[in-house]
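Enquirer:
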Amino acid sequence: MKTIMVVDDNPDVINSVKIGLEDSTQEYRILGAENGQKCLELLQNNITPDIILLDIMMPQMTGWEVFDRIKKDPSLSDIPIIFLTARTDRTAKNAGSFLGDDYIEKPFDINDLKKRIEIVFHNKKSNPILNKKDH
Amino acid sequence: MIGKKNTEQQINIKETSADLNDLERYIEDLTSFIPLPLVTLNTALKIIDINNSFLLTTEYAQHEILSEKIDILFKNQQDLINIIKKTKDAGATKDYETIITTKKKKEIQISVTCVLRTDEDGSTIGYFFAFINISNLKKIEQSLHEKLDTLQKSELATLNIMEDLQNTISALTTAETEIRQKNMELQKINNELTSARQQLTVLNQNLEMKVRERTADVEKLLKQKDEFVSQLGHDLKTPLTPLNILIPIVKEQEQDPKLKELLNIISNNVQYMKNLVIKTLELAQLNSENFKLGFEEINLSERVHSILDMDATFFKGKNVSIQNNIPQDIIVQADFLQIKELFDNLISNAVKYSQPDSVNITIGAQKKDDFIVISVKDTGIGLESNQIEHVFDEFYKVDYSRHDLQSTGLGLSICKRLVEKHGGRIWVESQGKGKGATFYFTLKTPLKKSDQ
Numbered sequence: 261m262k263t264i265m266v267v268d269d270n271p272d273v274i275n276s277v278k279i280g281l282e283d284s285t286q287e288y289r290i291l292g293a294e295n296g297q298k299c300l301e302l303l304q305n306n307i308t309p310d311i312i313l314l315d316i317m318m319p320q321m322t323g324w325e326v327f328d329r330i331k332k333d334p335s336l337s338d339i340p341i342i343f344l345t346a347r348t349d350r351t352a353k354n355a356g357s358f359l360g361d362d363y364i365e366k367p368f369d370i371n372d373l374k375k376r377i378e379i380v381f382h383n384k385k386s387n388p389i390l391n392k393k394d395h
Numbered sequence: 087m088i089g090k091k092n093t094e095q096q097i098n099i100k101e102t103s104a105d106l107n108d109l110e111r112y113i114e115d116l117t118s119f120i121p122l123p124l125v126t127l128n129t130a131l132k133i134i135d136i137n138n139s140f141l142l143t144t145e146y147a148q149h150e151i152l153s154e155k156i157d158i159l160f161k162n163q164q165d166l167i168n169i170i171k172k173t174k175d176a177g178a179t180k181d182y183e184t185i186i187t188t189k190k191k192k193e194i195q196i197s198v199t200c201v202l203r204t205d206e207d208g209s210t211i212g213y214f215f216a217f218i219n220i221s222n223l224k225k226i227e228q229s230l231h232e233k234l235d236t237l238q239k240s241e242l243a244t245l246n247i248m249e250d251l252q253n254t255i256s257a258l259t260t261a262e263t264e265i266r267q268k269n270m271e272l273q274k275i276n277n278e279l280t281s282a283r284q285q286l287t288v289l290n291q292n293l294e295m296k297v298r299e300r301t302a303d304v305e306k307l308l309k310q311k312d313e314f315v316s317q318l319g320h321d322l323k324t325p326l327t328p329l330n331i332l333i334p335i336v337k338e339q340e341q342d343p344k345l346k347e348l349l350n351i352i353s354n355n356v357q358y359m360k361n362l363v364i365k366t367l368e369l370a371q372l373n374s375e376n377f378k379l380g381f382e383e384i385n386l387s388e389r390v391h392s393i394l395d396m397d398a399t400f401f402k403g404k405n406v407s408i409q410n411n412i413p414q415d416i417i418v419q420a421d422f423l424q425i426k427e428l429f430d431n432l433i434s435n436a437v438k439y440s441q442p443d444s445v446n447i448t449i450g451a452q453k454k455d456d457f458i459v460i461s462v463k464d465t466g467i468g469l470e471s472n473q474i475e476h477v478f479d480e481f482y483k484v485d486y487s488r489h490d491l492q493s494t495g496l497g498l499s500i501c502k503r504l505v506e507k508h509g510g511r512i513w514v515e516s517q518g519k520g521k522g523a524t525f526y527f528t529l530k531t532p533l534k535k536s537d538q
């Protein structure tokens, strides 16, 4: 069973993603984190998700900061990250697709999200070395 | 004694007679010598003596004129009567001017002096006439008169000229005065104008300052508006996310057809709201000055082909035919992502306003000078002329009665902004209701090497 961590300051987004993904044929375990701080705390408590869905615009600590902390920690840097963003501008798109493994714009379709998650998993499995990013 | 006396007397008479003869000859010599015509008349005005000068002047011979009356010489008899009368009264007449006629009918102007002849008792025995030929004098006088006349005339002319000059000078003086006055008025007007101009400059400067301030205000407000719209859009996106995920799940699980129908309505409206938010954000982004295009050289035909491939999945199962007639060699300088957005909007617009069973869209392109005109032609419901001017307005919908949740009313506004960001122009042509519409837009060709 794969563990998916959803980091978003809106609990309804976490819950709906949870419901949506648990509804799928794949078996996913969903972990929610309501802010960046909580996300990092969970990661430090030996919880290692298979993928992190990371919101960018969050109060106190933005998604960029959380991303930076994770990628700087060698024990965590392998975890694939998909950005969830409400931003549509080019900078966000570029940053999302170049820095992270993928990005998806809110409000997204749950099937679109599922597809992207599966692609990331597939890429990682087929070529884990190529997919590893150096930061 | 007596005899002696007689002899003495005889001698005395002889002597006296000889003396008288001498005197007579003397007088004769004297009178013939004087160059004045002289004539002696008796009381009956008959000529009894003349001198040589008289004969020369009157052209008569002595025998022809002696014993004739003086009348034959006078042209004007009244003059003769006057002279005689005046001479009788005063004893003499001096310088009476009249005209005499010579034998050859020549008229001569003369000045007559007449003296009364008396005997020892004082009785009148005749008249002496002296004529002075004044013809030449008269001629000279005439000529002098004429000259004087001419002089007077010329003097008059001079006077006239002088008067004219005087008038002219006076007119000039008046004109000069007027000009000076006009000049002064002009100077005054000029001064007023200068002052007005200065005031205008000040006003202009104030106005420019105000315009600058207002422009800055407006720009600030516009920026705030864009920021607000952008913020609002992003804030709306987050609450839409759970709705977008959960409603399809609930809809799928719901068995009650009536509730399923209600969920359908909710779902459609969420979809609509989602589109509206996305399009509004797109438009706000296009309006913001931070928006920058990523220009590249694009083979239009190839890229449109790939766009149509992607769209094909959308139109699967629908009767949509899209023809790509863009020539292979057309290259444009554009941002591909935005061009894709542009074509997607125009194509979905064409599909939206066509009859569902027959959608025919033709895409073409034509080179014109240094830009390309691209056309997207449909066979849809077409546009009335009053609709044409509004189709690019924000939130404008051609057919409000449709209440469709497919259209946000922003697609063409986005197209307009996109084309303008590319430095092009967009417009639409339609023959009217039911006759389809053709959207045109221009894109630039890449800069030639020589232009760079």
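Residue numbers (our numbering), protein chains in the order written: chain A, 261 to 395; chain S, 87 to 538.
All C-beta atoms in this analysis are idealised placements derived from N, C-alpha and C, irrespective of residue type, glycine included.
So which residues of chain A does residue 500 (chain S) contact, with C-beta pairs closer than 8 Å?
Expert: As a working mapping, residue 500 (chain S) is identified with position 414 in the second sequence. Within 8 Å Cβ-Cβ: nothing; residue 500 (chain S) doesn't reach chain A, min ~12 Å.
Enquirer: Compute the distance between the beta-carbons of residue 198 (chain S) and residue 213 (chain S), then report whether it is under 7 Å.
Expert: Numbered from 1 along the second sequence, position 112 holds the residue referred to as residue 198 (chain S). Numbered from 1 along the second sequence, position 127 holds the residue referred to as residue 213 (chain S). Taking 7 Å as the Cβ cut-off, residue 198 (chain S) and residue 213 (chain S) do not qualify as a contacting pair.
Enquirer: Starting from residue 252 (chain S), follow the alpha helix (DSSP H) in both directions and report where the run begins and ends.
Expert: Indexing the second sequence from 1 puts residue 252 (chain S) at position 166. Residue 252 (chain S) -> alpha helix (DSSP H) spans 221-339.
Enquirer: Residue 444 (chain S) by DSSP, collapsed to three states: which one?
Expert: Position 358 of the second sequence, counted from the first residue, corresponds to residue 444 (chain S). Here residue 444 (chain S) sits in coil by DSSP.
Enquirer: Can residue 368 (chain S) be considered in contact with the ligand GDP, in the sense that its beta carbon sits closer than 6 Å to one or more heavy atoms?
Expert: With respect to the ligand GDP, the structure shown offers nothing to examine, as it has no ligands at all.
Enquirer: Name, going along the chain, the residues of the segment 323-338 of chain A whose beta-carbon falls closer than 8 Å to a beta-carbon of chain S.
Expert: Residues: none.
Enquirer: Alpha carbon to alpha carbon, how far is residue 373 (chain S) from residue 309 (chain S)?
Expert: Position 287 of the second sequence holds residue 373 (chain S). Position 223 of the second sequence holds residue 309 (chain S). C-alpha separation (whole angstroms): 9 Å.
Enquirer: Run the CB neighbour count on residue 497 (chain S), radius 10 Å, all protein chains shown included, and call it buried at 16 or more, exposed below.
Expert: As a working mapping, residue 497 (chain S) is identified with position 411 in the second sequence. Residue 497 (chain S) should be labelled buried.
Enquirer: Rounded to a whole number of angstroms, what is the C-alpha to C-alpha distance between residue 155 (chain S) and residue 173 (chain S)?
Expert: Along the second sequence, read from residue 1 onward, the residue named residue 155 (chain S) stands at position 69. Along the second sequence, read from residue 1 onward, the residue named residue 173 (chain S) stands at position 87. The straight-line gap from Cα to Cα measures roughly 17 Å.
Enquirer: I need the DSSP call for residue 462 (chain S), collapsed to helix, strand or coil.
Expert: In the second sequence, the residue the question calls residue 462 (chain S) occupies position 376. DSSP places residue 462 (chain S) in strand when its eight states are reduced to three.
Enquirer: Please report the distance separating the alpha-carbon of residue 272 (chain S) from that of residue 256 (chain S).
Expert: Along the second sequence, read from residue 1 onward, the residue named residue 272 (chain S) stands at position 186. Along the second sequence, read from residue 1 onward, the residue named residue 256 (chain S) stands at position 170. Those two C-alpha atoms are separated by around 24 Å.
Enquirer: Take the Cβ of residue 476 (chain S) as the centre, count every other Cβ of all protein chains shown within 10 Å, and call the residue buried at 16 or more, exposed below.
Expert: Within the second sequence, the letter at position 390 stands for residue 476 (chain S). Its Cβ having fewer than 16 others within 10 Å, residue 476 (chain S) is exposed.
Enquirer: Inspect the CB distances between the segment 454-473 of chain S and the segment 506-518 of chain S and report whether three or more fall short of 8 Å.
Expert: Verdict: yes, contact present.
Enquirer: What residues of chain A sit near residue 372 (chain S), judged by a beta carbon separation below 8 Å?
Expert: As a first step, residue 372 (chain S) is located in the second sequence; it is residue number 286 there, counting from the start. What residue 372 (chain S) touches in chain A: nothing, since even the nearest Cβ is about 11 Å away.
Enquirer: Taking a contact to mean a Cβ-Cβ separation below 7 Å, would you say residue 364 (chain A) touches residue 344 (chain A) in this structure?
Expert: Taking the first sequence and counting its residues from 1, the one referred to as residue 364 (chain A) is at position 104. Taking the first sequence and counting its residues from 1, the one referred to as residue 344 (chain A) is at position 84. Yes. Within cutoff.
Enquirer: Look at residue 481 (chain S) and residue 495 (chain S) and say whether their C-beta atoms are less than 7 Å apart.
Expert: Your numbering for residue 481 (chain S) matches position 395 in the second sequence. Your numbering for residue 495 (chain S) matches position 409 in the second sequence. For residue 481 (chain S) and residue 495 (chain S), yes; Cβs fall inside 7 Å.
Enquirer: Does the Cβ-Cβ distance between residue 466 (chain S) and residue 522 (chain S) come in under 7 Å?
Expert: By 1-based counting over the second sequence, the position of residue 466 (chain S) is 380. By 1-based counting over the second sequence, the position of residue 522 (chain S) is 436. In contact: residue 466 (chain S) and residue 522 (chain S) (Cβ atoms closer than 7 Å).
Enquirer: Going by DSSP in three states, residue 494 (chain S) sits in which element: helix, strand or coil?
Expert: Within the second sequence, residue 494 (chain S) is the residue found at index 408, counting from 1. The answer is coil: DSSP assigns residue 494 (chain S) none of H, G, I, E or B.
Enquirer: Between residue 274 (chain A) and chain S, is there a C-beta pair that is closer than 7 Å?
Expert: Numbered from its first residue, the first sequence carries residue 274 (chain A) at position 14. No, no contact with chain S.
Enquirer: Starting from residue 292 (chain A) and walking both ways along the beta strand (DSSP E), at which residues does that stretch end?
Expert: Position 32 of the first sequence, counting from 1, holds the residue named residue 292 (chain A). Its beta strand (DSSP E) spans residues 288-293.
Enquirer: Suppose you measure from the CA of residue 288 (chain A) to the CA of residue 502 (chain S); what does that come to, to the nearest Å?
Expert: By 1-based counting over the first sequence, the position of residue 288 (chain A) is 28. By 1-based counting over the second sequence, the position of residue 502 (chain S) is 416. Their backbone Cα atoms lie some 45 Å apart in a straight line.
Enquirer: What are the boundary residues of the beta strand (DSSP E) that residue 385 (chain S) is part of?
Expert: Residue mapping note: residue 385 (chain S) aligns to position 299 of the second sequence, counting from 1. Here the beta strand (DSSP E) through residue 385 (chain S) covers 382-385.
Enquirer: By the DSSP assignment, the beta strand (DSSP E) with residue 203 (chain S) in it spans what residues?
Expert: Position 117 of the second sequence, counted from the first residue, corresponds to residue 203 (chain S). Here the beta strand (DSSP E) through residue 203 (chain S) covers 193-204.
Enquirer: If you follow the beta strand (DSSP E) that residue 420 (chain S) is in, where does it begin and where does it stop?
Expert: Counted from its first residue, the second sequence places residue 420 (chain S) at position 334. Here the beta strand (DSSP E) through residue 420 (chain S) covers 417-420.
Enquirer: Report the residue from A:384, A:276, A:272 whose alpha carbon sits nearest the alpha carbon of residue 332 (chain S).
Expert: Numbered from 1 along the second sequence, position 246 holds the residue referred to as residue 332 (chain S). The shortest C-alpha separation from residue 332 (chain S) is found at A:276.
Enquirer: Using the beta-carbon count (16 or more within 10 Å), is residue 342 (chain A) buried or exposed?
Expert: Looking up residue 342 (chain A) in the first sequence gives position 82. It counts as buried.
Enquirer: With H, G and I counted as helix, E and B as strand and the rest as coil, what does DSSP make of residue 453 (chain S)?
Expert: What you label residue 453 (chain S) is simply residue 367 of the second sequence in a count that begins at 1. Residue 453 (chain S): strand per DSSP, three-state reduction.
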